[in-house]
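Numbering (the numbering used here), first residue to last: 82 to 609.
Take a look at the structure:
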């Protein structure tokens, strides 16, 4: 969940870091306890209630350079992927089913890192290359295809959609848009390319495998395998009214002012619906400050990477020379990373996706559905109009709502708002943003400070840009961060119907998913 604390300023984004306690070590137990009852993750910017070169090559779990990113990741450290022929054409990769229905233990002291219970014998674990199953205009073999209707049946209609927008960005025919309800919607004929299914983190993408592909073998436990970690805050006047330590705003501001990036995808408040977040491309420090804070709903961020949408805000330069930063929840960053690993035409969203050079993730365990939180829980059940709300906060397991004079309107256990959460968030085990360049939250840091986890060399570059303006020291409590991450994994293990295994193949076939989740195979009799 996200929160909106006017005493701490960073860009308005869904799923931002959570609220803090006075003592960072006490934060570990307090945050875990509140998370167990559905409360704040201990971060007052987190709606959970409770990004370019990594340290290794792509084949070893890292991220390629901007130029290399257009190549498919290598399977064996060689010069080309296993599924690319000598002429450079992409071939199809065989999808595999797990050998057992057992989740892999990655956190306990007795965990065996060599144990891969769900990997079929003889399977190549490093299968980061994946070609479009068929050419887009060749739909002669429908048995090998998964259609948007299957995604709709298995994920969206089952209320498991987490509104990350990855399916919109993945569609090579621009057939998927964003509906009025903020969910994916078919806007023209589906070609059956299977891409929306393959990259959905609640469908065909085994998101925990992406952690290793991006960050290496150790990027699966605790807070992952970071380069360095800090507790930090900004001393600038604009931090008043900011979220936590204002670190994200400071980083983005310095990257913009130095010309390192041309814009940052954050979020802004809807002009028509109070407290509803929408994607926004900030291109100045003033815009970053104006849109500081946090919201409590997802924005389908990856569905807003079409640069034509932001043409009037971008500099007059070739699209392939643009550089962007993206700030989002862990699931959104996972989607960006996975799509950036491959080289094919992603139509409207491709230029924006390829331009994202900095990926900043915000600690998050759960997010809300806007209509269910603001409309049903607050307006209908409690008689609070959205226009009355001046501040919302999820802190220490409590939902707190204030008017514009800071008079308290609501102070209730956040579990009372469980019906308003996104159910698909329960299946997520990524509290700390394993695939980002930098993770920011406030779990693990004392009041007014943000916890900053620098994961990649690109993250170091972003951190160093803002470092002169930061008051920082070593991260105060790794224990607090690790404890919340472990709790998040436990929650995911209880909710996932499929095995959790960071070593299993990245993509899950629809038939395998249907076997675990009980959805109907080929649910629509009509000719797709």
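Backbone N, C-alpha and C define an ideal beta-carbon position, used for all residues, glycine too.
(message) Taking a contact to mean a Cβ-Cβ separation below 9 Å, would you say residue 382 touches residue 246 in this structure?
(response) yes
(request) With DSSP as the reference, label residue 571 as helix, strand or coil. (result) helix
(message) Run through the DSSP bridge pairs and tell me what residue 266 is partnered with.
(response) 258
(message) Between 428, 260 and 589, which has its C-alpha nearest residue 288's C-alpha?
(response) 589
(message) Runs of 4 residues minimum, wholly inside the segment 350-425: which ones carry the alpha helix (DSSP H) assignment?
(response) 366-371 and 411-421
(request) Could you say which of 353, 397, 336 and 380 lies nearest to residue 369 if we only look at CA atoms? (result) 336
(request) Return the residue from the list 282, 541 and 239 that minimises the CA-CA distance to residue 414. (result) 282
(message) So, with DSSP's three-state summary, where would you put residue 552?
(response) strand
(message) What does the Cβ neighbour count give for residue 363, buried or exposed, with the cut at 16 atoms within 10 Å?
(response) buried
(message) If I follow the unbroken alpha helix (DSSP H) through residue 624, where does it start and stop?
(response) The question about residue 624 has no answer, for the chain in this structure spans 82 to 609.
(message) Considering only DSSP beta bridges, list what residue 476 is partnered with.
(response) 479
(message) Taking 8 Å as the cut-off, does the segment 252-259 touch the segment 291-311 (at least 3 CB pairs, one atom from each stretch)?
(response) no
(message) Output needed for residue 442: all residues of its chain with C-beta closer than 6 Å, excluding positions within five of it in sequence on either side, in chain order.
(response) 411, 414, 514, 517 and 520
(request) Flag this pair as yes or no: are the beta carbons of residue 408 and residue 531 separated by less than 9 Å? (result) no
(request) Using the Cα positions of residue 390 and residue 341, report the straight-line distance between them to the nearest angstrom. (result) 21 Å
(message) Given a cut-off of 9 Å on the beta-carbon distance, is the pair residue 456 and residue 242 in contact?
(response) no
(request) Using DSSP bridges, identify the partner residues of residue 440. (result) 407
(message) Can you find the residues in the same chain that come closer than 6 Å, C-beta to C-beta, to residue 578, ignoring five residues on each side of it along the sequence?
(response) 597 and 598
(request) Starting from residue 348, follow its DSSP beta bridges and name the residues at the other end. (result) 360
(message) Buried or exposed for residue 378, going by 16 or more other Cβ atoms inside 10 Å?
(response) buried
(request) Look at residue 440 and residue 463 and say whether their C-beta atoms are less than 9 Å apart. (result) no
(message) Can you find the residues in the same chain that come closer than 6 Å, C-beta to C-beta, to residue 481, ignoring five residues on each side of it along the sequence?
(response) 474 and 492
(request) Determine the DSSP secondary structure at residue 329, reduced to helix, strand or coil. (result) helix
(request) Label residue 231 either buried or exposed according to how many other C-beta atoms from any shown protein chain fall within 10 Å of its C-beta, with 16 as the threshold for buried. (result) buried
(request) State the CB to CB distance for the pair residue 310 and residue 541, rounded to an integer number of angstroms; the pair is presumed to be in contact (CB under 8 Å). (result) With 8 Å as the limit, residue 310 and residue 541 do not qualify as a contact, their Cβ atoms being about 12 Å apart.
(message) Under DSSP, the alpha helix (DSSP H) around residue 247 begins and ends at which residues?
(response) 247-251
(message) Among the candidates 511, 563, 549 and 237, whose CA atom is the shortest distance from the CA of residue 583?
(response) 511
(request) Would you identify the three-state DSSP class for residue 516, choosing helix, strand or coil? (result) coil
(request) Take residue 466 as the anchor and find which of 356, 349, 264 and 251 has the nearest alpha-carbon. (result) 356
(message) Any heavy atom of the ligand SAH inside 8 Å of the beta-carbon of residue 389?
(response) Ligands in the displayed structure: none, and consequently the ligand SAH is not present.
(request) Taking only the alpha-carbon atoms, compute the straight-line gap between residue 581 and residue 509 and give it to the nearest angstrom. (result) 10 Å
(message) Please report the distance separating the alpha-carbon of residue 251 from that of residue 486.
(response) 44 Å
(request) Pull up the CB-CB distance for residue 386 and residue 280, whole angstroms please, since I reckon it's below 8 Å. (result) Rounded, the Cβ-Cβ distance is 13 Å, inconsistent with contact.
(message) By the DSSP assignment, the beta strand (DSSP E) with residue 311 in it spans what residues?
(response) 309-315
(request) Note down, in chain order, each residue of its chain lying with its Cβ closer than 8 Å to the Cβ of residue 388, except the 5 sequence neighbours on either side. (result) 395, 400, 403, 432, 433 and 436
(message) Can you tell me whether residue 594 is buried or exposed? The criterion is at least 16 other CB atoms within 10 Å of its CB, across all chains shown.
(response) buried
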